[in-house]
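Protein chains: 4
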Amino acid sequence: MQPKAKRRIVVIAEISIHPIGAGTSVGRYVAAAVRALSKVPGLTFDVTPMSSVLEAENIGTILQAVEASHRALRSMGAKRISSSLRIDERLDMARKMGDKTRGLKRLTRART
Amino acid sequence: MQPKAKRRIVVIAEISIHPIGAGTSVGRYVAAAVRALSKVPGLTFDVTPMSSVLEAENIGTILQAVEASHRALRSMGAKRISSSLRIDERLDMARKMGDKTRGLKRLTRART
Amino acid sequence: MQPKAKRRIVVIAEISIHPIGAGTSVGRYVAAAVRALSKVPGLTFDVTPMSSVLEAENIGTILQAVEASHRALRSMGAKRISSSLRIDERLDMARKMGDKTRGLKRLTRART
Amino acid sequence: MQPKAKRRIVVIAEISIHPIGAGTSVGRYVAAAVRALSKVPGLTFDVTPMSSVLEAENIGTILQAVEASHRALRSMGAKRISSSLRIDERLDMARKMGDKTRGLKRLTRART
Numbered sequence: 001m002q003p004k005a006k007r008r009i010v011v012i013a014e015i016s017i018h019p020i021g022a023g024t025s026v027g028r029y030v031a032a033a034v035r036a037l038s039k040v041p042g043l044t045f046d047v048t049p050m051s052s053v054l055e056a057e058n059i060g061t062i063l064q065a066v067e068a069s070h071r072a073l074r075s076m077g078a079k080r081i082s083s084s085l086r087i088d089e090r091l092d093m094a095r096k097m098g099d100k101t102r103g104l105k106r107l108t109r110a111r112t
Numbered sequence: 001m002q003p004k005a006k007r008r009i010v011v012i013a014e015i016s017i018h019p020i021g022a023g024t025s026v027g028r029y030v031a032a033a034v035r036a037l038s039k040v041p042g043l044t045f046d047v048t049p050m051s052s053v054l055e056a057e058n059i060g061t062i063l064q065a066v067e068a069s070h071r072a073l074r075s076m077g078a079k080r081i082s083s084s085l086r087i088d089e090r091l092d093m094a095r096k097m098g099d100k101t102r103g104l105k106r107l108t109r110a111r112t
Numbered sequence: 001m002q003p004k005a006k007r008r009i010v011v012i013a014e015i016s017i018h019p020i021g022a023g024t025s026v027g028r029y030v031a032a033a034v035r036a037l038s039k040v041p042g043l044t045f046d047v048t049p050m051s052s053v054l055e056a057e058n059i060g061t062i063l064q065a066v067e068a069s070h071r072a073l074r075s076m077g078a079k080r081i082s083s084s085l086r087i088d089e090r091l092d093m094a095r096k097m098g099d100k101t102r103g104l105k106r107l108t109r110a111r112t
Numbered sequence: 001m002q003p004k005a006k007r008r009i010v011v012i013a014e015i016s017i018h019p020i021g022a023g024t025s026v027g028r029y030v031a032a033a034v035r036a037l038s039k040v041p042g043l044t045f046d047v048t049p050m051s052s053v054l055e056a057e058n059i060g061t062i063l064q065a066v067e068a069s070h071r072a073l074r075s076m077g078a079k080r081i082s083s084s085l086r087i088d089e090r091l092d093m094a095r096k097m098g099d100k101t102r103g104l105k106r107l108t109r110a111r112t
């Protein structure tokens, strides 16, 4: 049996970033942003086809991740950068990002 | 060896939906939206902690998914519904949603 | 005294769209999308520096606006198109898009 | 004749925020967030029916605005907070937020 992940009050968010005007294939830029995320202290993240899901103990860390992503694209010479961030800050219940999908799967199965 | 997934021109998108004013725990509503997605013909989707990633051969199918999600929440009695959709329509290259994360993982490893 | 705008149950939304890989100045594409919005029957809209605010009696009209915007950019030769849509569907109260900012201005002044 | 607004390299962004589980009428919370924006040094903003458009000389100020908005809702007792931010950082051209809509209006008229 796996040890249960400890549930704490965390902020879960999602970021997406790309340069505008640097060709249609922007994977190189997105990879640089992801490498930047991996250096933000206190940040856990997971990459999906449309964004990176972020988890941190406070909003400040999430916002550092946004700043680090923009910095990564600027340092590659991007002339225009578009990013999108959604934050889900929940204060009444401890949870981790995996809880959201696990709970959802249980509920989805429950009533089909 | 697994057969390679065929790469076609597809639209990849991401949707997130929740009721406003139905309490802080909205998983029951999100699950109803996910069940609605599973009934949209021609739609492939995958659930993440912050959204559902959608893939379809055309934008019409993606927009049907949005309509179906709102309908699901309305039919549960939601009085106010907030949704967010991001579409990535790429016309110069065939790909599937898995390609985006695979390519990214390769690029991220390449230069750390 | 101005006649009061009739308040109906409407869906209010916000769309933003741009091509990726068509240079950093994308105003020509955004203008084409705005012209496309002006031809969607039943749609009222207003342009802001970051998006177009949409109002319609049902979600179907909002989604037609999304489809028309993508079509406009495709017909200009865009190879990759990124769009973002947020919908606020409120079913318990009739309002128009102007009501949201008016109410907000009143509340903001109320307690500074 | 009005003096021309000076054009500088600025970051233009858009934020939307609301509590989840605090009823369907959330204007009181949105007003508190707007009041918080008005106290962020170096931030210019404008309210639309779906969001607040932000302008600042750097991303740090934009991110302070996000943090201040969440703080405002937390201090009103919100138990769950959903926010959405889109950033348009352009480095090759000086502009102000009014330029985006003005240029767009000119382009829209140009070819109908």
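First to last, the protein sequences are chains D, L, P and R. Under this note's numbering, the letters of the first sequence match residues 1 to 112, in that order. Under this note's numbering, the letters of the second sequence match residues 1 to 112, in that order. Under this note's numbering, the letters of the third sequence match residues 1 to 112, in that order. Under this note's numbering, the letters of the fourth sequence match residues 1 to 112, in that order. Virtual Cβ for every residue (Gly too), placed ideally from N, Cα, C. Owing to the predicted nature of the structure, the values given are computational and were not obtained by experimental measurement.
According to DSSP, residue pairing for Arg-8(D) in a beta bridge does not occur. By a beta-carbon distance limit of 8 Å, Thr-108(R) contacts Ala-31(P). Their separation comes to about 5 Å. Between Ala-56(D) and Gly-42(D), the CB-CB gap stays under 7 Å.
Nearest to Ile-81(L) by alpha-carbon distance, out of Thr-61(L), Gly-21(L), Lys-96(L) and Val-11(L), is Gly-21(L).
Contact between Ile-17(P) and Leu-73(P) holds, with the beta-carbon distance rounding to 7 Å and staying under 8 Å. The CB of Glu-14(D) comes closer than 7 Å to the CB of Met-50 and Ser-51 in chain L, given here in chain order. If you draw a straight line from the Cα of Gly-27(R) to the Cα of Arg-102(L), it is about 43 Å long.
Among the bridge pairs identified by DSSP, Ile-20(L) is matched with none.
Residues Val-47 and Ser-52 of the same chain have their beta carbon placed closer than 7 Å to that of Val-34(R), with the five preceding and five following residues left out of the count. When the alpha-carbon of Val-40(R) is set against those of Ser-25(R), Glu-67(R), Ile-87(R) and Pro-19(R), the nearest one is in Glu-67(R). Every unbroken stretch of the beta strand (DSSP E) spanning 3 or more residues and falling wholly within the segment 36–79 of chain D is given here in chain order: 44–47 and 52–56.
Going by C-alpha positions, Arg-86(D) is about 6 Å away from Leu-85(R). At least 7 Å separates the CB of Val-26(R) from every CB of chain P. Within 7 Å of the CB of Met-97(P), the CB atoms of chain R belong to Pro-49, in sequence order along the chain. Taking CB atoms only, Lys-79(P) has a neighbour in chain L less than 7 Å away. About 13 Å separates the CB atoms of Asp-99(P) and Met-50(R); that is not less than 8 Å, and the two are not in contact. The beta carbon of Ile-20(L) sits closer than 7 Å to some beta carbon of chain R. Collapsing the DSSP output to three states places Arg-106(R) in a helix. Near chain L, meaning a CB-to-CB distance below 7 Å, no residue of the segment 56–73 of chain D qualifies. Ile-15(L) and Gly-77(R) have their alpha carbons spaced roughly 28 Å apart. The beta-carbon separation of Lys-96(R) and Val-11(R), rounded to 11 Å, does not stay under the 8 Å limit for a contact. Not a single C-beta of chain L is nearer than 7 Å to the C-beta of Asp-46(P).
In this structure, the CA atom of Leu-54(L) is about 28 Å from the CA atom of Thr-24(P).
When the Cα atoms are used, Arg-106(D) and Ser-38(L) turn out to be separated by approximately 15 Å.
Counting only Cβ-Cβ distances below 9 Å, Arg-8(R) has no contacts in chain P at all, with the closest Cβ about 15 Å away. Contact between Ala-36(R) and Ser-69(R) is confirmed by a C-beta separation of about 6 Å, below the 8 Å threshold.
Among the residues of chain L, those whose CB is under 8 Å from the CB of Val-34(D) are Leu-104 and Thr-108, following chain order. By the beta-carbon neighbour count (other beta carbons within 10 angstroms, threshold 16), Ser-83(D) is buried. Of the other Cβ atoms in all chains shown, 16 or more fall within 10 Å of the Cβ of Arg-90(L); this residue is therefore buried. Under the three-state reduction of DSSP output, Arg-28(L) falls in the helix class. Annotated three-state conformation of Asp-92(D) is coil, per DSSP. If you ignore the 5 residues before and after Phe-45(D), its C-beta comes within less than 6 Å of the C-beta of Leu-37, Ser-52 and Leu-54, all in its own chain and listed in chain order.
Collapsing the DSSP output to three states places Ala-13(D) in a strand. Put simply, the CB of Leu-43(P) is far from chain L, with every gap to its CB atoms at 7 Å or more.
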